Amino acid sequence: MALHEDDVVGKVYDSRLVRRLLVYVRPYKSLVGSALVCLLIDGLMQLVGPMMTQRVIDVALPKHDLGLVWNSALLLTASLVVAFFCQYGETILTALLGQRVMRDLRRDLFGHVQQLPVVFFDRNPVGRLVTRLTSDIEALNELFTAGVVAGLGDLFTLLAISALMLIVDWRLALASFGVIPFVYWISHVFRAKVRESYRDVRTRLARINSYLQERITGMRIVQLFGRETTEAQRFDKLNHDHLDANLQSITYYALYFPAIEVLTSIALASLIVAGAHRVEIGSLTVGTVAAFLQLVRRFFQPLQDLSDKFNTLQQAMAASERVFRLLDTEPADLGAVAGVPAALASPPPEAGVPVLRRAATRGVTVEFDDVWFAYDMAHVARDEAHANQSAEPEWVLKGVSFRVEPGRTLALVGHTGAGKTTIINLLLRFYDPQRGRISVNGVDVRDIPVSELRSLIGYVQQDIFLFAGDVLSNIRLSNSIGEEQVAAAAARVGADRIIRRLPHGYNQVLGERGASISVGERQLLSFARAIAADPALLVLDEATSAVDSEIEAEIQRALSVLMQGRTTIAVAHRLSTIIDSDEILVLHHGQVRERGTHRQLLAKRGLYERLYRLQAGAASEALQAGA
8 MALHEDDVVG KVYDSRLVRR LLVYVRPYKS LVGSALVCLL IDGLMQLVGP MMTQRVIDVA
68 LPKHDLGLVW NSALLLTASL VVAFFCQYGE TILTALLGQR VMRDLRRDLF GHVQQLPVVF
128 FDRNPVGRLV TRLTSDIEAL NELFTAGVVA GLGDLFTLLA ISALMLIVDW RLALASFGVI
188 PFVYWISHVF RAKVRESYRD VRTRLARINS YLQERITGMR IVQLFGRETT EAQRFDKLNH
248 DHLDANLQSI TYYALYFPAI EVLTSIALAS LIVAGAHRVE IGSLTVGTVA AFLQLVRRFF
308 QPLQDLSDKF NTLQQAMAAS ERVFRLLDTE PADLGAVAGV PAALASPPPE AGVPVLRRAA
368 TRGVTVEFDD VWFAYDMAHV ARDEAHANQS AEPEWVLKGV SFRVEPGRTL ALVGHTGAGK
428 TTIINLLLRF YDPQRGRISV NGVDVRDIPV SELRSLIGYV QQDIFLFAGD VLSNIRLSNS
488 IGEEQVAAAA ARVGADRIIR RLPHGYNQVL GERGASISVG ERQLLSFARA IAADPALLVL
548 DEATSAVDSE IEAEIQRALS VLMQGRTTIA VAHRLSTIID SDEILVLHHG QVRERGTHRQ
608 LLAKRGLYER LYRLQAGAAS EALQAGA
């Protein structure tokens with residue numbers, strides 16, 4: 008079975024990733040420099056204690072020099088105070104560094120994710136993306152707070168202690184270094200085991216995040232079908248797997264640190280054995296042995312820490328690889344950077360209002376020209392799709408062509424799966440067609456910046472989404488819209504009556520996805536949001552499916568005014584809502600089978616007539632049943 012990207016550990020050290028991480032560190036060079044200075048001073052302070060011990064035992068005590076003892080004690084105390092403030096400063100500075108790098112990286116990652124095409128989110132679970140923005144970024148925070156900078160300090164301390172030991176007595180130093188090969192071997196085994204264990208922990212955490220996101224989002228379905236016990240059991244299995252992986256990691260740590268302690272004790276014993284005879288014959292002082300006992304203890308502490316920091320580095324490399332892979336994912340095509348098409352470009356400043364804003368009062372021309380589209384090829388470039396003729400995709404749209412002039416209304420009808428919503432998705436450039444051309448005012452939408460294209464469109468979808476925030480911010484998603492425009496838009500669709508009933512009016516804070524109000528009320532707010540920006544093109548995807556007949560009639564009256572001078576494309580299952588459309592397209596299996604006005608299509612006695620008759624019959628039976 009192929010490994011998922013969450014399962015891949017990656018290189019222990021990757022210079023390419025390090026260079027990219029350094030881009031985020033560069034603005035905070037002063038923090039890095041200050042932390043390193045604190046670490047270097049702290050490393051030097053580690054040498055003061057052993058040196059003072061040797062001085063007191065070998066010089067002060069034989070001479071009964073209490074003054075030298077007091078001076079040594081004061082110097083040791085001063086070194087401890089300096090070491091305290093250096094450790095405090097290093098902790099604060101590296102924490103600030105990690106948090107600021109994490110903030111910048113998370114900001115860039117979230118900004119990039121917002122630009123990714125919809126097809127990316129079709130293939131990547133939300134839980135996995137949340138893991139990228141939380142756990143993986145946190146692993147990079149560990150790299151800066153307890154990894155690289157602190158590791159450099161440990162390395163300096165290790166070198167400083169080694170140099171002092173060799174200078175004071177190289178033979179005792181070599182006796183102390185005898186266990187280093189065993190420390191290296193144990194550390195190597197530990198890193199390999201923890202590396203595998205960390206991969207298991209990370210994989211299981213991503214699975215938990217994905218599972219939680221999906222089940223919490225679909226909690227109504229879980230409760231409706233009484234699946235609480237089943238889903239709890241499945242979650243318990245995932246949770247138990249995560250626990251087992253963490254316990255395995257803890258086991259490795261529980262074995263590693265005592266093993267290093269045993270080797271440290273062996274090194275101390277070797278030191279005592281090697282020095283005992285020399286002390287007896289007078290070639291070595293007791294103070295030197297005492298100093299070495301302290302130095303050896305301090306020597307193995309950073310050696311032990313370096314192994315743990317090596318694992319932190321490996322975890323950070325794996326996390327940064329996944330984070331930068333996401334950052335390197337190609338965003339949605341933002342259109343031509345240079346040479347914006349003349350039909351949609353802004354006129355010179357002295358000409359007044361830009362063309363795009365003037366378009367809102369006159370509508371735009373939308374044209375589909377022989378458009379073919381398949382979801383299973385949505386990620387493939389158009390030229391690649393043509394090149395791979397041997398594997399014919401499952402086309403959702405097949406040669407769809409139509410044209411809508413400014414001020415006109417086009418309705419799309421057909422059975423579920425006929426391709427109606429797909430046409431809307433292509434127009435909004437959530438996807439691009441593999442064949443054919445879609446144009447606005449005669450310009451291919453692929454040549455128009457996405458932000459410019461979508462600024463023309465007011466969209467009301469069937470699956471309503473409101474953010475957890477106040478009513479005003481949910482309607483005014485565009486910062487250019489004033490409160491007066493929001494109130495006017497709400498009044499046009501009758502949403503103002505609902506808003507006035509709320510305790511805090513436009514400042515009422517809605518629950519997640521607008522859960523604190525009814526579905527019909529949410530749809531009215533989404534309608535107000537769509538028209539608040541005064542769009543040139545209205546796109547309605549079952550826009551009145553969740554409102555009652557009275558509100559629907561009010562919206563239809565408002566629409567008759569709003570549609571004047573605008574282009575409108577409406578998807579409808581209830582044919583009664585689109586009988587006044589200028590043109591109706593009847594879609595069947597991705598093809599346009601019929602087109603015309605309501606009367607013309609009824610006269611053809613084809614698909615549309617059968618759909619209309621079925622709905623009219625169903626409505627009549629419902630009325631009779633109600634009576």
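My numbering numbers the first residue of the sequence shown as 8 and each following residue consecutively. Every residue, glycine too, gets a C-beta built ideally from N, C-alpha and C. On a predicted model such as this, the values are computed, not experimentally measured, just so you know.
Going by C-alpha to C-alpha distance, which of Val-120, Asp-541, Tyr-218 and Arg-499 sits closest to Asp-335?
Working through the sequence shown from its first residue, we reach residue 335 at position 328. That would be Val-120, whose Cα lies nearest to the Cα of Asp-335.
Within the continuous alpha helix (DSSP H) that includes His-195, where are the two ends?
Residue mapping note: residue 195 aligns to position 188 of the sequence shown, counting from 1. His-195 -> alpha helix (DSSP H) spans 187 to 224.
In the DSSP assignment, find the alpha helix (DSSP H) that holds Asp-176 and state where it starts and stops.
Here the question's residue 176 lines up with position 169 in the sequence shown. Neither: Asp-176 is in no alpha helix (DSSP H) and is coded neither H nor E.
Pairs of beta-carbons, one from the segment 126 to 141 and one from the segment 216 to 228, closer than 8 Å: are there three or more?
Touching, per the Cβ criterion.
Whole angstroms are fine: how far does the CA of Ser-588 sit from the CA of Arg-415?
Here residue 415 corresponds to residue number 408 of the sequence shown, with the count starting at 1. Here residue 588 corresponds to residue number 581 of the sequence shown, with the count starting at 1. In a straight line, the C-alpha of Arg-415 is about 8 Å away from that of Ser-588.
Since Leu-547 contacts Val-452 with CB under 8 Å, what's their CB separation in whole angstroms?
Your numbering for residue 547 matches position 540 in the sequence shown. Your numbering for residue 452 matches position 445 in the sequence shown. In fact, because the Cβ distance is near 19 Å, the residues do not count as touching under 8 Å.
Comparing C-alpha positions only, which one of Thr-98, Gln-255 and Tyr-35 sits nearest to Leu-46?
As a working note, residue 46 is residue 39 in the sequence shown. Minimum Cα distance to Leu-46 is reached at Thr-98.
Measuring straight from C-alpha to C-alpha, what distance separates Ala-475 and Phe-317?
Locating residue 475 in the sequence shown gives position 468, counting from the first residue. Locating residue 317 in the sequence shown gives position 310, counting from the first residue. Near 42 Å, if we compare the C-alpha coordinates of Phe-317 and Ala-475.
Indicate whether the contact test is met: 3 or more Cβ pairs, each with one atom in the segment 72 to 86 and one in the segment 194 to 201, closer than 8 Å.
No, the segment 72 to 86 is not in contact with the segment 194 to 201.
Rounded to the nearest angstrom, how far is the Cβ of Asp-376 from that of Ser-408, given a contact under 8 Å?
As a working mapping, residue 376 is identified with position 369 in the sequence shown. As a working mapping, residue 408 is identified with position 401 in the sequence shown. Rounded, the Cβ-Cβ distance is 6 Å, consistent with contact.
Under the rule that 16 or more other beta-carbon atoms within 10 Å means buried, what is Asn-514, buried or exposed?
The residue labelled residue 514 in the question sits at position 507 within the sequence shown. So Asn-514 ends up on the exposed side.
What three-state label does DSSP hand Val-578 in the structure shown?
Along the sequence shown, read from residue 1 onward, the residue named residue 578 stands at position 571. It is a strand residue.
With a threshold of 7 Å on Cβ separation, who are the neighbours of Lys-427 within its own chain once the five nearest residues in sequence on each side are excluded?
Taking the first residue of the sequence shown as position 1, residue 427 is located at position 420. Leu-419, Gly-421, Val-578 and Leu-594.
Specify the secondary structure class of Val-403 as computed by DSSP and reduced to three states.
Position 396 of the sequence shown holds residue 403. In the structure shown, Val-403 sits in coil (DSSP, three-state: anything other than H, G, I, E or B).
Should Gly-603 and Ala-425 be called a contact, given that it needs their Cβ atoms to be closer than 8 Å?
Locating residue 603 in the sequence shown gives position 596, counting from the first residue. Locating residue 425 in the sequence shown gives position 418, counting from the first residue. No; because the gap between Cβ atoms is not below 8 Å, this pair is not in contact.
What separation, rounded to the nearest whole angstrom, lies between the Cα atoms of Phe-437 and Ile-430?
Looking up residue 437 in the sequence shown gives position 430. Looking up residue 430 in the sequence shown gives position 423. For Phe-437 and Ile-430, the distance between alpha carbons rounds to 10 Å.
Beta-carbon separation of Glu-528 and Gln-469 under 8 Å?
By 1-based counting over the sequence shown, the position of residue 528 is 521. By 1-based counting over the sequence shown, the position of residue 469 is 462. No; because the gap between Cβ atoms is not below 8 Å, this pair is not in contact.
Using DSSP with H/G/I as helix, E/B as strand and the rest coil, what is Ser-290?
Your numbering for residue 290 matches position 283 in the sequence shown. Coil at Ser-290, not helix or strand.
Please report the distance separating the alpha-carbon of Phe-189 from that of Val-303.
Reading the sequence shown from its first residue, position 182 is the one you call residue 189. Reading the sequence shown from its first residue, position 296 is the one you call residue 303. Using only the alpha carbons, I get a separation of about 15 Å.
Quick one: residues in its chain with C-beta nearer than 7 Å to the C-beta of Ile-488, no 5 flanking neighbours on either side, listed in chain order?
Here the question's residue 488 lines up with position 481 in the sequence shown. So the list reads Ala-539 and Ala-540, once near-sequence residues are dropped.
Taking buried to mean at least 16 other C-beta atoms within 10 Å of its own C-beta, is Arg-606 buried or exposed?
Here residue 606 refers to the residue found at position 599 when the sequence shown is read from its first residue. When all chains shown are included, Arg-606 counts as exposed.
Rounding to the nearest angstrom, what Cα-Cα distance links Phe-3 and Gln-311 in this structure?
Not covered by the structure: residue 3. The range shown for the chain is 8 to 634.
DSSP puts Thr-416 in a beta bridge; with which residues?
Working through the sequence shown from its first residue, we reach residue 416 at position 409. Bridge partners of Thr-416: Thr-575.
Let me check one thing: in DSSP terms, what residues is Ser-446 bridge-paired to?
What you label residue 446 is simply residue 439 of the sequence shown in a count that begins at 1. Its beta-bridge partners are Glu-374 and Asp-451.
Spatial neighbours of Gln-571 within its chain, please: CB distance less than 8 Å, with the 5 preceding and 5 following residues excluded, ordered by chain position.
By one-based count along the sequence shown, residue 571 stands at place 564. So the qualifying residues of the chain are Gly-414.
Who are the near neighbours of Phe-331 in its chain, counting only those whose CB is closer than 8 Å to its CB and skipping five residues on each side?
Against the sequence shown, residue 331 aligns to sequence position 324. Leu-24 and Arg-27, listed in sequence order.
Rounded to a whole number of angstroms, what is the C-alpha to C-alpha distance between Ile-464 and Leu-545?
One-based indexing of the sequence shown puts residue 464 at position 457. One-based indexing of the sequence shown puts residue 545 at position 538. Spanning the two alpha carbons is a distance of roughly 6 Å.
How would you write the range of the alpha helix (DSSP H) that Arg-529 sits in, first residue to last?
Start at 1 with the first residue of the sequence shown, and residue 529 comes out as number 522. Segment 526 to 539, the alpha helix (DSSP H) holding Arg-529.
With a threshold of 16 other CB atoms inside 10 Å of the CB of Trp-192, please say whether the residue is buried or exposed.
Position 185 of the sequence shown holds residue 192. So Trp-192 ends up on the exposed side.
Which of helix, strand or coil does DSSP assign to Gly-603?
Taking the sequence shown and counting its residues from 1, one reaches residue 603 at position 596. If DSSP states are grouped into helix, strand and coil, Gly-603 belongs with the strands.
What separation, rounded to the nearest whole angstrom, lies between the Cα atoms of Leu-103 and Thr-152?
Against the sequence shown, residue 103 aligns to sequence position 96. Against the sequence shown, residue 152 aligns to sequence position 145. So the alpha carbons of these two residues sit roughly 8 Å apart.
State the CB to CB distance for the pair Val-201 and Leu-147, rounded to an integer number of angstroms; the pair is presumed to be in contact (CB under 8 Å).
Counting from 1 along the sequence shown, the entry for residue 201 is found at position 194. Counting from 1 along the sequence shown, the entry for residue 147 is found at position 140. At roughly 18 Å, the Cβ-Cβ gap does not stay under 8 Å, so Val-201 and Leu-147 are not in contact.
Sort Ala-85, Leu-38, Tyr-35 and Ser-41 by Cα distance to Met-59 and report the nearest one.
In the sequence shown, the residue the question calls residue 59 occupies position 52. Taking only the C-alpha atoms, the option nearest Met-59 is Ala-85.
Under the three-state reduction of DSSP, which class applies to Gly-426: helix, strand or coil?
Residue mapping note: residue 426 aligns to position 419 of the sequence shown, counting from 1. The answer is coil: DSSP assigns Gly-426 none of H, G, I, E or B.
By DSSP, does Glu-590 sit in helix, in strand, or in coil?
Counted from its first residue, the sequence shown places residue 590 at position 583. In the structure shown, Glu-590 sits in a strand (DSSP, three-state: E or B).
Can you tell me whether Tyr-95 is buried or exposed, with buried defined as 16 or more other CB within 10 angstroms of its CB?
Residue numbering aside, residue 95 sits at position 88 when the sequence shown is read from its first letter. It counts as exposed.
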